[in-house]
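First residue of the sequence shown: 44, per the numbering used here; consecutive thereafter.
C-beta atoms are modelled at their ideal positions from N, C-alpha and C, and glycine is treated no differently.
Bear in mind that the values here come from a model prediction, so they are computed numbers and not experimental data.
Data first, discussion second: the structure below is written as structure tokens.
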Amino acid sequence: MLFILAFSAGVGLFVYYAKDAPKLEEAKLQSKPSTVIYDKDGQVLADLSIEKRELAATKDIPLALVDAITSIEDHRFFKHRGVDPIRIISSVIHNTQNDSTQGGSTLTQQLIKLSFFSTKSEDATIRRKAQEAWMAVNLERQNTKEEIITYYINKTYLGNGYYGMLTAAKNYFGKELKSLDLAQVALLAGMPQAPNSYDPYVHPEAAKNRRDLVLHAMYRYQKISKKEMTDAMAQPITEGLQAPSTSKAVPSYLDNYIKQVVLEVEKKTGLDVNQAGLKIYTPLDNAAQQKLWDIFNTDQYVAFPDDLFQVASTIVDVNSGAVIAQLGGRKQPTDVTFGTNQAVQTNRDWGSTMKPITDYAPAYEYGIYKSTGDIIADNWYVYPGSNTPVYNWDRLYQGNITVRQAIWGSRNIPAIKTLAAVGLDKAQSFLESLGIKYPNMQYSNAISSNNNGDGNSWGASTEKMAAAYAALSSGGIYTEPYYVNKIVDSEGKETNLKPTRTRAMKASTAYVITDMLKGVITNGTMRNGIIPGLNQAGKTGTSNYDESEYDKAMANIDGYYDGSSLAPDENFVGYTPKYAVAVWSGYNNRLTPVWGAKLNLALDVYREMMTYLASTTNNPDWRLPEGVQKTDGELKVTN
Numbered sequence: 044m045l046f047i048l049a050f051s052a053g054v055g056l057f058v059y060y061a062k063d064a065p066k067l068e069e070a071k072l073q074s075k076p077s078t079v080i081y082d083k084d085g086q087v088l089a090d091l092s093i094e095k096r097e098l099a100a101t102k103d104i105p106l107a108l109v110d111a112i113t114s115i116e117d118h119r120f121f122k123h124r125g126v127d128p129i130r131i132i133s134s135v136i137h138n139t140q141n142d143s144t145q146g147g148s149t150l151t152q153q154l155i156k157l158s159f160f161s162t163k164s165e166d167a168t169i170r171r172k173a174q175e176a177w178m179a180v181n182l183e184r185q186n187t188k189e190e191i192i193t194y195y196i197n198k199t200y201l202g203n204g205y206y207g208m209l210t211a212a213k214n215y216f217g218k219e220l221k222s223l224d225l226a227q228v229a230l231l232a233g234m235p236q237a238p239n240s241y242d243p244y245v246h247p248e249a250a251k252n253r254r255d256l257v258l259h260a261m262y263r264y265q266k267i268s269k270k271e272m273t274d275a276m277a278q279p280i281t282e283g284l285q286a287p288s289t290s291k292a293v294p295s296y297l298d299n300y301i302k303q304v305v306l307e308v309e310k311k312t313g314l315d316v317n318q319a320g321l322k323i324y325t326p327l328d329n330a331a332q333q334k335l336w337d338i339f340n341t342d343q344y345v346a347f348p349d350d351l352f353q354v355a356s357t358i359v360d361v362n363s364g365a366v367i368a369q370l371g372g373r374k375q376p377t378d379v380t381f382g383t384n385q386a387v388q389t390n391r392d393w394g395s396t397m398k399p400i401t402d403y404a405p406a407y408e409y410g411i412y413k414s415t416g417d418i419i420a421d422n423w424y425v426y427p428g429s430n431t432p433v434y435n436w437d438r439l440y441q442g443n444i445t446v447r448q449a450i451w452g453s454r455n456i457p458a459i460k461t462l463a464a465v466g467l468d469k470a471q472s473f474l475e476s477l478g479i480k481y482p483n484m485q486y487s488n489a490i491s492s493n494n495n496g497d498g499n500s501w502g503a504s505t506e507k508m509a510a511a512y513a514a515l516s517s518g519g520i521y522t523e524p525y526y527v528n529k530i531v532d533s534e535g536k537e538t539n540l541k542p543t544r545t546r547a548m549k550a551s552t553a554y555v556i557t558d559m560l561k562g563v564i565t566n567g568t569m570r571n572g573i574i575p576g577l578n579q580a581g582k583t584g585t586s587n588y589d590e591s592e593y594d595k596a597m598a599n600i601d602g603y604y605d606g607s608s609l610a611p612d613e614n615f616v617g618y619t620p621k622y623a624v625a626v627w628s629g630y631n632n633r634l635t636p637v638w639g640a641k642l643n644l645a646l647d648v649y650r651e652m653m654t655y656l657a658s659t660t661n662n663p664d665w666r667l668p669e670g671v672q673k674t675d676g677e678l679k680v681t682n
């Protein structure tokens with residue numbers, strides 16, 4: 044009677060607990076692979092997931108691994124239906140007769156625990172055990188044994204951040220599962236119960252003891268011969284073991300770029316990149332990225348004055364609008380992942396690089412100017428609606444000059460006069476079509492991206508400037524800078540993330556601006572950017588200190604001062620028919636000035652990078668579009 048009452052009570056309690064068991068969901072049983080990022084050629088750049096996991100297909104799992112797992116964990120796996128009464132009774136008897144404990148859970152129950160419950164020992168309550176058993180029985184009704192053991196093999200943790208036995212095989216031994224020898228198979232099969240304790244790097248003796256226990260179990264259940272067991276036991280635990288990886292998940296030279304990749308995916312899809320198990324395909328040119336890193340961080344290309352001097356750069360493919368390389372700084376800390384990326388920050392002033400896209404391109408787009416030979420008076424002038432005079436960089440006036448001469452000489456007064464003729468609203472709308480947005484447009488933006496009078500930019504960065512100038516190169520077609528071509532989710536569904544290309548200006552506008560910018564390097568403000576035989580165009584940009592900042596900047600000059608101009612920022616944006624490259628240079632502390640030879644460094648970086656890029660492709664010239672005529676060395680817009 045007591046036995047019947049106890050049994051009935053036990054059944055009742057089991058039913059009471061089991062009714063609240065979680066619903067069996069295939070998605071939780073199926074492990075998601077790691078999120079992996081690829082370059083333009085399909086080569087792996089980084090594995091971002093918290094759980095490093097590569098999934099094994101059932102057909103790729105060797106029988107020896109199945110035999111090893113079942114021998115040590117659940118030798119009646121192919122006979123029971125989720126719960127094994129014989130195993131439970133055996134474990135009870137063992138636990139009452141020995142100091143050590145033996146679990147009664149089947150592999151199916153272990154899979155349920157890994158997929159739906161906490162694995163902490165303190166959470167192993169009677170309620171949870173009942174629910175595990177109930178769910179295991181139901182799982183065995185709806186899935187085959189082959190599916191269940193495949194789930195288990197892909198779900199288990201094997202130390203050192205490796206989830207799934209295929210991941211472990213590749214990282215511990217550099218092999219596929221089918222290529223493992225018997226000793227290696229036994230090691231992996233034995234690790235899931237205590238992966239850190241059986242770590243072959245840290246605890247080789249414990250790892251060997253556990254491996255040999257698996258081998259003995261395989262022999263006991265007649266999966267291997269005695270000779271196979273003894274031969275495998277004689278094999279050193281370190282045989283075939285690869286050195287542990289010490290590399291970062293994200294290499295330092297890719298840190299800034301991949302940070303933008305992650306932000307873009309999460310912004311456009313709402314997915315958690317670390318958990319989603321995605322394949323992310325980017326347009327990154329890995330060789331170009333490494334070259335940019337070398338230019339920034341070695342003394343082989345550019346003579347940087349000190350390690351505190353900073354540069355940032357973004358490179359855009361003109362034909363696609365994609366960001367193919369990007370770095371946000373020099374000498375960045377190697378122990379930081381996803382640190383500050385100055386290449387996308389809009390907190391520095393881009394100076395005169397704004398003139399072509401803020402002033403002159405809108406002037407041709409809206410018919411203010413018809414020819415590159417149109418005349419502008421470079422004379423005394425005040426900002427419209429004020430008594431504040433405008434000064435050129437040299438504090439001189441050149442009188443009547445052509446638009447081409449005004450751009451070559453980077454004259455401030457003609458630039459502001461041009462913006463006034465265009466109108467702030469039209470200029471602002473034009474800039475927004477190029478991805479550059481100000482909270483409110485000001486006449487000072489004719490010669491600067493500082494929009495708040497505090498030395499901080501509001502609309503420009505190397506990313507935005509490279510994309511805007513790429514539109515000049517591509518005949519007026521603008522693409523929002525992007526870092527991801529497509530993603531493939533864990534179920535194989537592809538999603539294209541490329542933005543749509545839009546027309547920002549007429550082809551005639553883009554061509555006349557490009558034609559004038561060709562001469563900036565050869566006839567204009569800085570000639571150290573000349574690359575023989577290359578068709579290129581570009582514009583320099585220097586920011587300024589106001590009166591309240593100048594003395595502070597002077598106080599930060601260390602050593603001999605040659606009396607040259609001081610600037611917080613020196614920039615250059617240049618392009619060919621293939622690539623657009625934007626470079627910012629300066630110090631993180633903007634009150635540490637750039638002066639003298641340091642004013643050449645942005646263009647030096649551009650020259651070295653563009654020289655490399657030009658060596659990888661042909662170098663065509665831009666074609667004269669309809670609506671533009673050449674007359675006496677100048678261009679005339681006819682539409």
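query: Locate the alpha helix (DSSP H) running through N455, then write down its first and last residues.; result: 455 to 465
query: Cutting at 6 Å between CB atoms, please list the residues of its own chain near Y521, excluding the five before and the five after it.; result: L477, A514, T545, A547
query: How long is the line joining the alpha carbons of S114 and Y262, rounded to whole angstroms?; result: 9 Å
query: Once DSSP output is grouped into helix, strand and coil, what is the label at P128?; result: helix
query: Kindly indicate which three-state DSSP category N539 falls into: helix, strand or coil?; result: strand
query: Alpha carbon to alpha carbon, how far is K334 from V316? Give it in angstroms, no decimals.; result: 28 Å
query: By Cβ distance below 6 Å, which residues in the same chain neighbour T101 in space, the five residues on each side in sequence not counted?; result: E189, T193
query: For the beta strand (DSSP E) containing A368, name the first residue and the last one.; result: 366 to 370
query: Measuring CB atoms only, is the region 572 to 586 touching the region 650 to 666, in the sense that at least three cross pairs come out at less than 8 Å?; result: yes
query: Buried or exposed for Y603, going by 16 or more other Cβ atoms inside 10 Å?; result: exposed
query: What is the DSSP secondary structure of S114, counted as helix, strand or coil?; result: helix
query: State the start and end residues of the unbroken alpha helix (DSSP H) segment that holds I556.; result: 550 to 566
query: Can you have a look at G584 and say buried or exposed, based on whether 16 or more other CB atoms are within 10 angstroms of its CB?; result: buried
query: Can the beta-carbon of T415 be found closer than 8 Å to that of D612?; result: no
query: In or out: V680 buried (at least 16 other Cβ within 10 Å) or exposed?; result: buried
query: Whole-angstrom Cβ separation of M234 and Y244, contact assumed at under 8 Å?; result: Incorrect: roughly 12 Å between the Cβ atoms, too far for contact.
query: Would you say the beta carbon of M559 comes nearer than 7 Å to a heavy atom of the ligand GDP?; result: Ligands are entirely absent from the displayed structure, and the ligand GDP is therefore not among its contents.
query: Smallest Cα separation from L258: which of S77, E116, Q385, D378?; result: E116
query: Classify D675: buried if its beta carbon has 16 or more other beta carbons within 10 angstroms, exposed otherwise.; result: exposed
query: If you drop the 5 nearest sequence neighbours on each side, which residues of the same chain put their C-beta closer than 7 Å to that of M508?; result: W393, T396, V616, A625
query: Tell me whether I80 sits in a helix, a strand or coil according to DSSP, three-state version.; result: strand
query: Would you call the CB atoms of V361 and A645 closer than 8 Å?; result: no
query: So the alpha helix (DSSP H) E309 belongs to, where does it begin and stop?; result: 298 to 312
query: By DSSP's criteria, I280 is part of a beta bridge. Which residues make up the other side?; result: Note: I280 sits in no beta bridge, so no partner.
query: Where does the unbroken alpha helix (DSSP H) through Y655 begin, and where does it stop?; result: 644 to 657
query: I think A386 touches S363, with their Cβ atoms under 8 Å apart; what is that distance to the nearest whole Å?; result: Actually they do not touch by this definition, with Cβ atoms about 19 Å apart.
query: Are the beta-carbon atoms of Y486 and P427 separated by less than 8 Å?; result: yes
query: Rounded to whole angstroms, what's the CA-CA distance from A550 to K673? Just pull it up for me.; result: 15 Å
query: On the three-state DSSP scale, how would you describe L321?; result: coil
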